[in-house]
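Peer 1:
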Amino acid sequence: MAEEKRCLIATAAFGSEVAPQIQVLREFRDGFVMKTFAGENFMKTFNAFYYSWSPYVARAEYENPALRDFIRIAIYPLIYSLEVSRIIAQPFSTIPEFAVLVSGIIASLLIGLIYISPILLTIILASRWRKKSLPNIRKYYIILALAFGLLLFSIAEVSSITIVMMLGSAIIVLACIALGAILPTMAVRYLADRKN
9 MAEEKRCLIA
19 TAAFGSEVAP
29 QIQVLREFRD
39 GFVMKTFAGE
49 NFMKTFNAFY
59 YSWSPYVARA
69 EYENPALRDF
79 IRIAIYPLIY
89 SLEVSRIIAQ
99 PFSTIPEFAV
109 LVSGIIASLL
119 IGLIYISPIL
129 LTIILASRWR
139 KKSLPNIRKY
149 YIILALAFGL
159 LLFSIAEVSS
169 ITIVMMLGSA
179 IIVLACIALG
189 AILPTMAVRY
199 LADRKN
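Just so you know, the working numbering puts 188 at position 180 of the sequence shown, and the rest follows in order with no gaps.
#1: For S168, name the three-state secondary structure that DSSP assigns.
#2: Applying the 10 Å Cβ sphere with the 16-neighbour rule, what's the burial state of I150?
#3: Can you tell which of G112, F100, V92 has the C-alpha that lies nearest to the C-alpha of F54?
#4: What residue from T44, L158, P192 has the CA that sits closest to I131's CA?
#5: Looking only at its own chain, which residues have a Cβ that is under 7 angstroms from the Cβ of R202, when we skip the five neighbours before and after it?
#6: On the criterion of 16 or more Cβ atoms from any shown chain inside 10 Å, does I185 qualify as buried, or is it exposed?
#7: Please report whether the beta-carbon of S125 lies at a distance below 8 angstroms from any beta-carbon of chain B.
#8: Does the count of Cβ pairs from the region 167-178 and the region 34-54 closer than 8 angstroms reach three?
#9: Beta-carbon separation of S101 and A107 under 8 angstroms?
#10: Would you mind working out which of S89, R80, Y148, M194 sits nearest F22, comparing C-alpha positions?
#11: From K43 to A18, what distance separates their C-alpha atoms?
Written out as structure tokens, the structure reads:
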């Protein structure tokens, strides 16, 4: 039996593994994602990344109450994003692999939108204010990466090749996070160009 992975950063933020917020994260992971081939293999990739740095963040949280409070607040949008993605994927529950794909795409878009797009918007608005131009973000590369990830996902579903699913699902998630992050900046640029 595989060892259950702990939500280190969230546990440190909320103070207990039995906190309701931790249970929501755990239920999403164990009760939904891990029950599929795609989800299980994405989690292998995610865990390799997450557990390479999360123990250090969790330790810092225990030592710094202000950091712990900040992370606690920052985790709520993640929890809501995962719940929204699961609700949207619910109609596809009879096809669990597709449901987890839909959920992953929605959650990743929301994560990019909520956590990264404000930073990008700030950079773009600051550069416009300082009259500096920034390189145009090539959405086509992101869409191409997403298409490639979906192709790998499909191949892995048919062939049950673990490494292909690990790679495909990771590419899908990263591409969707990037897409979610740039959507508001694309809207701002579009509106700014229309004004000129």
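All residues carry an ideal CB built from backbone N, CA and C; glycine is no exception.
Note that this is a predicted model, so its numbers are computed, not measured.
Peer 2: Quick answer:
#1: In the sequence shown, the residue the question calls residue 168 occupies position 160. Correct three-state label for S168: coil.
#2: Counting from 1 along the sequence shown, the entry for residue 150 is found at position 142. Burial call: buried.
#3: Counted from its first residue, the sequence shown places residue 54 at position 46. Among G112, F100, V92, the Cα nearest to that of F54 belongs to G112.
#4: In the sequence shown, residue 131 corresponds to position 123, counting from 1. Checked all of T44, L158, P192; the closest Cα to I131 is P192.
#5: Position 194 of the sequence shown, counted from the first residue, corresponds to residue 202. Correct list: empty, nothing qualifies.
#6: By one-based count along the sequence shown, residue 185 stands at place 177. When all chains shown are included, I185 counts as buried.
#7: Chain labels in this structure do not include chain B; a single protein chain is all it has.
#8: yes
#9: In the sequence shown, residue 101 corresponds to position 93, counting from 1. In the sequence shown, residue 107 corresponds to position 99, counting from 1. Their beta carbons are under 8 angstroms apart, which means S101 touches A107 by this criterion.
#10: For the purposes of this step, residue 22 is identified with residue 14 of the sequence shown, where counting begins at 1. Nearest C-alpha to F22: R80.
#11: Along the sequence shown, read from residue 1 onward, the residue named residue 43 stands at position 35. Along the sequence shown, read from residue 1 onward, the residue named residue 18 stands at position 10. Taking the straight line joining both Cα atoms gives about 22 angstroms.
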